[in-house]
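Number of protein chains: 4
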Amino acid sequence: MDHPETRAGQIFSVVMSVLIIINVIFVLIGTLQNQPQALSVTSSVVEIVSVVAFTIEYLLRFWTADLRYPGSRPSVARLRYVRSGMAIIDLLSILPFYLPAVIPVDLRVLRILRLIRLIRVFKLGRYSAGLATVGRVLKRSAPMLVSSMSVVALLMIVASVLEYYVENPAQPEKFDSAFAALWWAVSAITTVGYGDVFPVTVLGKLCGSVIALLGVGLVAIPTGIISAGFVEEANRGAEAPQPAIHEVASTERSAAST
Amino acid sequence: MDHPETRAGQIFSVVMSVLIIINVIFVLIGTLQNQPQALSVTSSVVEIVSVVAFTIEYLLRFWTADLRYPGSRPSVARLRYVRSGMAIIDLLSILPFYLPAVIPVDLRVLRILRLIRLIRVFKLGRYSAGLATVGRVLKRSAPMLVSSMSVVALLMIVASVLEYYVENPAQPEKFDSAFAALWWAVSAITTVGYGDVFPVTVLGKLCGSVIALLGVGLVAIPTGIISAGFVEEANRGAEAPQPAIHEVASTERSAAST
Amino acid sequence: MDHPETRAGQIFSVVMSVLIIINVIFVLIGTLQNQPQALSVTSSVVEIVSVVAFTIEYLLRFWTADLRYPGSRPSVARLRYVRSGMAIIDLLSILPFYLPAVIPVDLRVLRILRLIRLIRVFKLGRYSAGLATVGRVLKRSAPMLVSSMSVVALLMIVASVLEYYVENPAQPEKFDSAFAALWWAVSAITTVGYGDVFPVTVLGKLCGSVIALLGVGLVAIPTGIISAGFVEEANRGAEAPQPAIHEVASTERSAAST
Amino acid sequence: MDHPETRAGQIFSVVMSVLIIINVIFVLIGTLQNQPQALSVTSSVVEIVSVVAFTIEYLLRFWTADLRYPGSRPSVARLRYVRSGMAIIDLLSILPFYLPAVIPVDLRVLRILRLIRLIRVFKLGRYSAGLATVGRVLKRSAPMLVSSMSVVALLMIVASVLEYYVENPAQPEKFDSAFAALWWAVSAITTVGYGDVFPVTVLGKLCGSVIALLGVGLVAIPTGIISAGFVEEANRGAEAPQPAIHEVASTERSAAST
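Chains as they are written, first to last, in our numbering: chain R, -18 to 239; chain E, -18 to 239; chain S, -18 to 239; chain Z, -18 to 239.
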């Protein structure tokens, strides 16, 4: 059995989380140049251990899928599991390791395969219960967030075309197209401000100031939406004893009692 | 008939939205230098197709204005439509195409006319129902937002004059007037920080630090106002089943049933 | 009589506000070099007109102080007015003009006197009713804001001393003392990021990353406090018909009816 | 007796706070190079005075520990005090002064000991009652804050590996490993934007724009969580007359009455 509320289940969670984090750190380390022999050996060992662990995990989950979907027959349950979002992430986490053994690939493809290993990060989502509330709030606020973010995107495009026409004569090499100006607009509206591109003319600075101030306002809108979402969530939690978590718990319990 | 809640109306919305987004992207592409022949031909085709589509849309809306304002006579309704905000945006979206054909214009004016095409972006507002809530919250918070933003503006001016007097002796070419210092103040208070102008003297850095910290606080004020607006909106929505959207829906239904 | 709720009072408000804004703009313009003759003449005219207007305003307010404080005797009321915060700002706005006529001052003092003219900006506070709510919320949140800001200040000092010890060996000319590191810390925590000073060592970048992330969190705290303040204000407004504004209105009405 | 609600207790609080702040400022000043003789003498005097004061404070607190924990016997109470968080900070504040006298240390260790003096800043926490609410809100929001911050951390790692693969061919010296890209990702997501590292390729800028926009969104999440925390705190405060502060006051009173 896979995820009981027992001590074994908790140890399994922690071990898998640690393994995933070690994996991500080794993807970072793997990009270092002139690595000593010992490091690349360790890296390979970590890779093999994690692929084996993740494969066993995948097969176990596949095998016990009928406990996850109690109503359906084993074969249907397994098919339902394979098609679920987390199962696809699980599969993509281990596939890049097995693929080169089955079909020959060149070095370029191999590099992209290595990148796909990063998808293992998303496996962590399963083990973190605390993210559930954040996810729920974001999901509920999604329509308004998408709308306001699309307004920001449109504003950026308008700003970049305007700034291109204003600044192009003064610095033709930096504002060589509206796309270069778009990079500036993103940097100004998100208030990152790298300082590689900025307006130099008086009119350009005036537009740039307005954009920066609008940027502050437009950062305030998603923040406001999300804040209201969390306030609403807190109010609901005060009234009802958090049905969403309750529901998960009952599912787990039924799985454990089987 | 124009905007029924039917399937045809939905398809119309999506087609128009896609057309507008393609248009905006082609305004961006139009600023690229050394464009291949194929691209500029495509660009012209897109321009002609959209102007034709937008003209037909405008004429249809003009024609069916009496359905939009059920109480008034056709001629009055059409006049009311022409004077409405969205109709002016619709007209400005197509006018720059027809103008050069009617009266001869030089290249400089033509450039500005091209810029006006960007106004088509605002046509999207009509098709996005999700923005309604955001707009309503911003409208209700407007007086407080304007007040606090004007305080920020005044603070910026005071900061820039102070910083000009402090920094001018140390870097006379960068802080050559209070307007140059104003550009710095905008960059510091909005926390963009391009890095093209910054204080170098001890007193200037001290002032700059205070300004940056005030900037953080003053970003917090509009965010707080907007957050409170969304919380209020959510509370209202919990009590009454969102009257504003209901109202729009009933208007649309009555228009459709006519 | 000074500020009735009549049409004359409203016109007076608008005229004074415009005069103050023109004044501030001319302080900005006054810092431009190589000004044409016409501009400096206009500047002097604006200065004389505003000083005359502000002096008349001050004398009128002084004269009608007994209407403002109905209970007290005229002489006591006038003394109370002179000691009020707005009256001191009013006096400081006009004093720098009269001072050089009374006592001889050198050029250096004259420059500081010119800066004091900027205090006229704060006269605007009187004419903007919209700022009342923002001011009230900030006043109520002040203890928590000051506490959290002082934590930020202490964190900055700790961060700068740490970063000084870490980065000093690598870039001794940029991190020459903890004060230079403090300038970096302000720039990092407020997320301005000019880019004139930044860590280059691995340990320095690690500390810098932690500081930047803490900065994000610490920007969130004042925003949260202010948001809660506005939500509370909105809730109060929904229950009682805004007593603070009501109170002001009744004071004004009683002043007008006298 | 140590902290009565009497005038003597208040004076003690203020004197200790001022002493701590002077100490922190002298740690900053101590990093200045080419100090005049007078300054280093003052610095030594400040150090000796504060160590004496802090030692007396520590001993007094140790002695009166039985008043702090009324139920326990004197020896148990003193042990409980020594193990409390604030007592450890108190001890670490004075230990680095006495250590070199007892055991010989080399210059390198001495430097680290000097750094530990900065821990005195945290002694201030005891004297600031205003921080209690902020601390309480942060403590209650901690699980959600940690969850969302870990998502940001994971996003940063994914972003840096992606950006490394995209930008490495274009600027191999700046994006020499994923760790260099991680430094860029921190700078972009926190919207600091120093401008020492930034993408130059089209694909890199596209990824960078997405990261910057996600950064804005992910700054909004902790802000939203903390805002909701303060709103909840304000709602509780409105219902009950702030039990936490009441509790502290009653403890103090009982300590004073003993």
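Each residue gets a CB set at the ideal place from its N, CA and C atoms; glycine is no exception. Small disclaimer: the values here were computed from a predicted structure and weren't measured.
Chain S contact for residue i (CB, 9 Å cutoff)
| i | result |
| --- | --- |
| Gly205 of chain R | yes |
| Val173 of chain R | yes |
| Ser208 of chain R | yes |
| Val212 of chain R | yes |
| Lys120 of chain E | no |
| Glu184 of chain E | According to the sequence provided, residue 184 of chain E is Leu. The question's Glu does not apply to it. No, because no Cβ of chain S sits closer than 9 Å to the Cβ of Leu184 of chain E. |
| Val5 of chain Z | yes |
Sub-9 Å separation of residue i and residue j beta-carbons
| i | j | result |
| --- | --- | --- |
| Ile100 of chain Z | Ser128 of chain Z | no |
| Ile1 of chain S | Val102 of chain S | yes |
| Ser122 of chain E | Ala209 of chain E | yes |
| Gly198 of chain Z | Gly176 of chain S | no |
| Val173 of chain S | Ala169 of chain E | yes |
| Ser24 of chain R | Gln16 of chain R | yes |
| Arg61 of chain S | Tyr50 of chain S | yes |
| Leu13 of chain E | Ser56 of chain R | no |
| Phe200 of chain E | Val133 of chain R | The question names Phe, but residue 200 of chain E in the sequence shown is Val. No, these two residues do not count as a Cβ contact at 9 Å. |
| Pro203 of chain R | Met137 of chain R | no |
| Val191 of chain R | Phe156 of chain R | no |
Proximal residues to residue i (C-beta, below 7 Å), its chain only, five neighbours per side dropped
| i | result |
| --- | --- |
| Gln223 of chain Z | Reliability fails at Gln223 of chain Z, whose pLDDT of 41 lies under 50, so the model's placement of it is uncertain and no value is given. |
| Ala34 of chain E | Leu0 |
The alpha helix (DSSP H) enclosing residue i, as first and last residue numbers
| i | result |
| --- | --- |
| Asp87 of chain R | Segment: none, Asp87 of chain R is in no alpha helix (DSSP H) and carries neither H nor E. |
| Leu105 of chain S | Run containing Leu105 of chain S: none; DSSP gives neither H nor E here. |
| Asn4 of chain E | Arg(-12) to Ile10 |
Residues near residue i in its chain [Cβ-Cβ closer than 8 Å; skip 5 each side]
| i | result |
| --- | --- |
| Tyr39 of chain E | Ala68, Asp71, Leu72 and Ile75 |
| Ala262 of chain E | Absent from the model: residue 262 of chain E. The displayed extent of chain E is -18 to 239, so no value can be given. |
| Val27 of chain Z | Ile3, Asn4 and Phe7 |
| Val147 of chain R | Pro180, Thr182, Leu184, Gly185 and Cys188 |
Short CB-CB distance (under 9 Å) between residue i and chain Z
| i | result |
| --- | --- |
| Val115 of chain S | no |
| Ala225 of chain S | With a pLDDT of 40 at Ala225 of chain S, under the threshold of 50, the modelled position of that residue is not reliable, and no figure is offered here. |
| Leu99 of chain R | yes |
| Val8 of chain R | yes |
| Val167 of chain S | no |
| Gln14 of chain R | yes |
| Leu143 of chain R | no |
| Glu228 of chain E | With a pLDDT of only 38 at Glu228 of chain E, under the threshold of 50, the placement of this residue in the model should not be trusted, and no figure is reported. |
| Tyr50 of chain S | no |
Residues near residue i by beta carbon distance below 6 Å, same chain, minus five either side
| i | result |
| --- | --- |
| Leu94 of chain Z | Pro77 |
| Val(-4) of chain S | none |
| Met125 of chain Z | Ile206 |
| Phe211 of chain S | Val118 |
Within-9 Å CB hit, residue i to chain R
| i | result |
| --- | --- |
| Trp164 of chain E | yes |
| Gly198 of chain S | no |
| Asp177 of chain E | yes |
| Lys155 of chain Z | no |
| Val133 of chain Z | no |
| Ala151 of chain Z | no |
| Arg61 of chain E | no |
CB contact check: residue i to chain E, cutoff 9 Å
| i | result |
| --- | --- |
| Phe160 of chain S | yes |
| Gly(-10) of chain Z | no |
| Gly189 of chain R | yes |
| Ala215 of chain S | yes |
| Asp47 of chain R | no |
| Met248 of chain R | Look at the range of chain R in this structure, -18 to 239, and you will see that residue 248 of chain R is not part of it. |
Contacts that residue i makes with chain A (C-beta to C-beta distance below 7 Å)
| i | result |
| --- | --- |
| Leu136 of chain Z | Checking the listed chains, one finds no chain A in this structure; the protein chains it contains are R, E, S and Z. |
Which residue spans inside the segment 112 to 179 of chain R form an unbroken beta strand (DSSP E) run of at least 3? none
Unbroken alpha helix (DSSP H) runs of length 4 or more, entirely within the segment 19 to 96 of chain Z: which are they? 46 to 49, 55 to 64 and 66 to 83
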